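Under my numbering, the final residue of the sequence shown carries the number 304; numbering is consecutive throughout.
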Amino acid sequence: MTPDNPETVHLRFLTSIADIEAATWDALADTGYPFLKHAFFLALEESNSTTATTGWQPFHVVVEKGDDDNRTAVAIMPLFLKDNSRGEYVFDWSWADAYQRHGLDYYPKLVTAIPFTPCPGPRLCVAPDQDADEIVRMLSVYIPKQAESLKASSWHVLFPEQAQCEAFSEAGIQSRVGCQYQWFNREYHSFDDFLARFSSRKRKNLRKERQKIVDGGITFEKVAGTDITPEQWQQFYQFYQSTYFVRGRAPYLTEEFFTRAGQSMPENLLLVLACKDGRYIAGALSFVGSDTLYGRYLGCIEEY
Numbered sequence: 001m002t003p004d005n006p007e008t009v010h011l012r013f014l015t016s017i018a019d020i021e022a023a024t025w026d027a028l029a030d031t032g033y034p035f036l037k038h039a040f041f042l043a044l045e046e047s048n049s050t051t052a053t054t055g056w057q058p059f060h061v062v063v064e065k066g067d068d069d070n071r072t073a074v075a076i077m078p079l080f081l082k083d084n085s086r087g088e089y090v091f092d093w094s095w096a097d098a099y100q101r102h103g104l105d106y107y108p109k110l111v112t113a114i115p116f117t118p119c120p121g122p123r124l125c126v127a128p129d130q131d132a133d134e135i136v137r138m139l140s141v142y143i144p145k146q147a148e149s150l151k152a153s154s155w156h157v158l159f160p161e162q163a164q165c166e167a168f169s170e171a172g173i174q175s176r177v178g179c180q181y182q183w184f185n186r187e188y189h190s191f192d193d194f195l196a197r198f199s200s201r202k203r204k205n206l207r208k209e210r211q212k213i214v215d216g217g218i219t220f221e222k223v224a225g226t227d228i229t230p231e232q233w234q235q236f237y238q239f240y241q242s243t244y245f246v247r248g249r250a251p252y253l254t255e256e257f258f259t260r261a262g263q264s265m266p267e268n269l270l271l272v273l274a275c276k277d278g279r280y281i282a283g284a285l286s287f288v289g290s291d292t293l294y295g296r297y298l299g300c301i302e303e304y
C-alpha cells in the first residue's frame, strides 16, 4: 500500500517477522524494551506460539520511504490478525458478544500488541529523523482501511506507553483506560528502605512471612539467561504449565519458545528458582529491560 503523500511512503505488511532482517527491525526497535526485539517475535513464531492456528497471525507493519528500487524502513509496528481474544489480557468478550447479538462479526480483528504480555511500552518505533506524529496520523488512517479490506471489525492498540496513547488519541483513535499495579524503586538502597514506608504492623507481618520461608528451608537460585541449562528450562516449563492447568486450560506458550528465547536473547532473561530439600519446587522468569525488570512467567509444583 502506498499512501498519497508528496514523499513516497509505503506500508509493507509482514506475515512473518522473518520477512525483515533482524538488523533492520532492531535498529528501529532499539528502545531497551525487550519485547520488541526481532528475536522475541521470531521465537514466538518458530515455536508455533503465534500462528493463524493459535489466533495470532503476524501482520507486522513496516513504514518505508523511497522509490521501488531504494526503500528505507523508517518505522515498525507489531500487528496481528486475530480470530479470538485469548492472550491479550484485555477482556473484550462482552464486545464480541454484543457484535454477535447484532448479527455482526467481531472476529477477525487487528491487534497491535505484544502477545501474552500485558506490559506497557512502545508500540510504534520511528526513526529519530522522522516525524512520529505524522506517521501516527498516517497509520490511524490506513490501518483501519486495511482492516476493512480484510473484513476485520476493528484495530486495537494494547498497553501503549503514555505518550503514544495520547498521540493515537489526538489522531482520532478512541482510548480506553485499564488499571495495573506496578512497583517502582523509589531510590531504595535495601529491602529495609522499602519496608520503612510501611506501618509498624505491616513491617512486622512482612518480616514474619519472609522468615517462614527461611525456616521452611526454602532457598532461591538466580540464573542469568546465558547460564540456564536445558534441565532447568524443562523444570521451569513444568512450573509454567501448572499455572494454566489449575485453571483447566493449556498454556499459551510452548516449551520451545523458552528454549529459543534462551538461545537468541539470553541477555534479557533472568530465571529465579525456589529450592527445597535439594530440588526445585517453583520458578519465575523475568525479562530484563534497560531500566525495568518484567516478571512474566511463574509457577510451582508445591505451595508454601
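Where is the CB? At the ideal position from N, CA and C, for every residue including glycine.
Remember, predicted model here, so these are calculated numbers, not experimental data.
For a test of the three-state rule: what should DSSP assign to residue i, helix, strand or coil?
| i | result |
| --- | --- |
| C119 | coil |
| E142 | Residue identity check: residue 142 is Tyr in the sequence provided, not Glu. Helix. |
| G66 | strand |
| A52 | coil |
| R12 | strand |
| T31 | coil |
| T72 | strand |
| P58 | strand |
| S175 | coil |
| I17 | helix |
| W283 | Note that residue 283 corresponds to Gly in the displayed sequence, not to Trp. If DSSP states are grouped into helix, strand and coil, G283 belongs with the strands. |
| A39 | helix |
| L195 | helix |
| Y297 | strand |
| W233 | helix |
| V136 | helix |
| E303 | coil |
| W25 | helix |
| L104 | coil |
| A250 | coil |
| L44 | helix |
Check each candidate in the options and name the one with the smallest Cα separation from residue i.
| i | options | result |
| --- | --- | --- |
| A33 | I301, G295, S290 | The sequence as given places Tyr at residue 33; Ala does not occur at that position. With distances taken between Cα atoms, Y33 lies closest to S290. |
| F35 | S264, C275, Y280 | S264 |
| S49 | F258, L273, T254 | T254 |
| L42 | A52, T53, V63, D19 | D19 |
| C179 | R186, F159, F168, D192 | F159 |
| T72 | E45, P108, R12 | R12 |
| E64 | W233, P230, A147, Q130 | Q130 |
| G299 | K145, F239, F168 | F239 |
| T8 | N70, F59, D30 | N70 |
| V61 | V136, T219, C119 | V136 |
| V90 | G248, S47, V157 | V157 |
Specify, as a first and last residue, the run of the beta strand (DSSP E) that residue i falls within.
| i | result |
| --- | --- |
| A224 | 218-224 |
| T112 | 109-112 |
| K82 | 80-82 |
| A127 | Careful: A127 lies outside any beta strand (DSSP E) and carries neither H nor E. |
Where do the ends of the alpha helix (DSSP H) carrying residue i lie?
| i | result |
| --- | --- |
| C165 | 162-170 |
| L150 | Per DSSP, L150 belongs to no alpha helix (DSSP H) and is neither H nor E. |
| V214 | 200-215 |
| W95 | 93-101 |
| R86 | It is not in any alpha helix (DSSP H) - R86 carries neither H nor E in the DSSP assignment. |
Mind checking residue i: buried by the 16 CB within 10 Å criterion, or exposed?
| i | result |
| --- | --- |
| F258 | buried |
| W56 | buried |
| K204 | exposed |
| L104 | exposed |
| G262 | buried |
| P6 | Summary for P6: the model assigns pLDDT 48, below 50, so the residue's position carries little reliability; its value from the coordinates is reported in the next sentence. Its Cβ having fewer than 16 others within 10 Å, P6 is exposed. |
| T243 | exposed |
| A98 | exposed |
| L269 | buried |
| R305 | Past the edges of the chain, shown from 1 to 304, lies residue 305, and the structure says nothing about it. |
Report yes or no: do the segment 77-87 and the segment 271-289 share at least 3 C-beta pairs separated by less than 8 Å? no
For the segment 63-79 against the segment 116-125, do three or more pairs of beta-carbon atoms, one drawn from each stretch, fall closer than 8 Å, so that the two count as touching? yes
Validate contact between the segment 164-184 and the segment 128-144 using beta carbons, cut 8 Å, 3 pairs: yes
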